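Scroll down for the structure; my scribbles are underneath it.
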Amino acid sequence: MSMSETQKRATVAMVGNPVSDKGRGARIDAQVFDLLTRAGLRRGFDVTDLTGSSFDDSLARVRARRNEYDYLVVVGGDGMIALGANAVGASGKPLGVVATGSGNDFARGLSLPVNKVETAVEGIVGAIVRGSHVDVDMGHVTALPGAVAADPTTGEETVGGGIVRDDAADDAIAFDRFYAGMLSCGLDASINDRANHSHLPGGSLRYFAAVLAEVTHLKRYGYHIRATLADGTVEEHDVITPMVTVANSRHIGGGLEVSPYSRLDDGLLDLIWIDHMPGALEIADAISKGYNGRLLASHVFGWKRVRDIEITRADEGDEPPLLMADGEYIGRLPVRVRACDHALRVLVPPAVVAWQRHERSERAVLDAITRDGRDPVTGAFV
1 MSMSETQKRA TVAMVGNPVS DKGRGARIDA QVFDLLTRAG LRRGFDVTDL
51 TGSSFDDSLA RVRARRNEYD YLVVVGGDGM IALGANAVGA SGKPLGVVAT
101 GSGNDFARGL SLPVNKVETA VEGIVGAIVR GSHVDVDMGH VTALPGAVAA
151 DPTTGEETVG GGIVRDDAAD DAIAFDRFYA GMLSCGLDAS INDRANHSHL
201 PGGSLRYFAA VLAEVTHLKR YGYHIRATLA DGTVEEHDVI TPMVTVANSR
251 HIGGGLEVSP YSRLDDGLLD LIWIDHMPGA LEIADAISKG YNGRLLASHV
301 FGWKRVRDIE ITRADEGDEP PLLMADGEYI GRLPVRVRAC DHALRVLVPP
351 AVVAWQRHER SERAVLDAIT RDGRDPVTGA FV
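If you count by UniProt numbering, then the sequence shown holds residues 1 to 382, one letter each, in order.
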């Protein structure tokens, strides 16, 4: 969707998070709006601010006026990516990302600027002018009968709440939403929740401190998993484990690579779980590997690629915590999760398109899997 003099003027809609970081978000939102407006005067596009009074209000406004804009730009952290993904996912309408949050994990996965407002806006404008983008996968999590929704921001359990897609077939469904990063179902959700309530400065520091706190009292959560694997076969079994994650992208918590084999364009999700209750040395080793891309070289973790998965409560084990995705609360089991192939179009500079094709190619990921001693088909160690 490149622009020329003969085309009708395009419109860029912007959504910010003015209440984030004690008012700093409002100042950044104003800066982004000003930069986009000035670029629009030079490049021939209009800019409109659709920021609402809350996450849900902003999402409703962006959806209701989707026919009025050609591009959507979100400003903030991974929670704002969730808003953008649920607003324009599966529509073909491009999403621009100005990553200014505490984690910015989706932006890291695409090698986009992090906490560099002017650089990010410049890249978005360049992508609009040149028609440069990548189409990436998303995860799609849907409540099964008996699930309970939670408020995306506060985690308060609700009835019929959560982020519901505007094309959802059943209005009574508890939640039905896209996510760009990871669906956290156990230890990782507890870590994320603790980090959300931390008063420490910096997202990475908050997350690392939360990791250290949560791994000292691991629980044995009970899950029943029915998964359709990459080759189409179906596996079904109970898992008693501290952690289950269904990942679309690689990072969580401001740089921790929980899913180092994830590719954003393979039409698959990565199922990761803790294989057994680890000892202190295994935990220390896993944490160190999590920051150098080698987490899944640790025998603590199981890994498989999946197309579709149902996660319900097992008869044994502890009750799993509230599920989280992209830093936002989802609700409680049971859920169905599926991979949505190339469902989100993201505005990126041409250099990022080239980087994505080379650095995150299938060959590069297969090399990493082999390096870590795993079979790329079964996920088992060889």
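The beta carbon of each residue, even a glycine, is placed where N, CA and C say it ideally should be.
All of these numbers come straight from a predicted model, not from anything done at the bench.
Take G52, set aside five residues on each side of it, and the residues of its chain with a beta-carbon closer than 6 Å to its own are S58, R61, in chain order.
Looking at the DSSP output, F45 bridges to A10. Nearest Cα to R130 within the set R43, M182, V258: R43. One Cα belongs to G267, the other to H237, and the distance between them is close to 24 Å. Counting only runs that start and end inside the segment 285-356, the beta strand (DSSP E) elements of at least 3 residues fall at 301-313, 323-325, 328-332, 335-347.
The bridge partners DSSP lists for Y221 are T241, D318. With respect to the C-alpha of G181, the residue from Y291, N17, P260, L218 having the closest C-alpha is P260. Rounded to the nearest whole angstrom, the C-alpha separation of L264 and H199 is 32 Å. The secondary-structure analysis by DSSP pairs I272 across a beta bridge with T245, W303. P349 is a Cβ neighbour of G126, given a cutoff of 8 Å.
The C-alpha of G101 lies about 5 Å from the C-alpha of G76. Shown here, V97 sits in a strand according to DSSP, grouped into three states.
Note on geometry: alpha-carbon atoms of A99 and V246 lie some 23 Å from one another. Checking the DSSP bridge columns, you'll see H140 partnered with F178, R338. In this structure, the beta-carbon distance from V136 to L112 does not fall below 8 Å. Under the 8 Å Cβ criterion, the segment 326-339 counts as touching the segment 132-147, having at least three qualifying pairs.
Approximately 11 Å separates the beta-carbon atoms of V47 and L72; this is outside 8 Å, ruling out the contact. In this structure, the beta-carbon distance from G327 to N115 does not fall below 8 Å. Scanning the segment 55-107 from its first residue to its last, the whole beta strand (DSSP E) runs of 3-plus residues come out as 71-76, 95-99. Closest in alpha carbon position to E310, among G186, E214, T228, is T228. According to DSSP, residue pairing for T158 in a beta bridge involves A149. Taking the Cα of E316 as reference, the smallest distance to any Cα among P242, A286, M324 is reached at P242.
Per DSSP, D193 is one residue of the alpha helix (DSSP H) stretching across 187-196.
Annotation: the continuous alpha helix (DSSP H) that includes R363 extends over 362-371. Closest in C-alpha terms to I173, from the list N196, Y179, A147, D188, comes A147. Counted as a single uninterrupted DSSP element, the alpha helix (DSSP H) harbouring V121 occupies residues 117-130. Straight across, the Cα-Cα distance linking P320 with A297 is about 26 Å. In the DSSP assignment, the residues bridged to H133 are L347. The distance from the Cβ of Q356 to that of L95 is about 15 Å, inconsistent with a contact at the 8 Å cut-off. Here A227 carries a strand assignment [DSSP, helix/strand/coil]. Between the C-alpha atoms of G222 and I240 there is a straight-line separation of about 5 Å.
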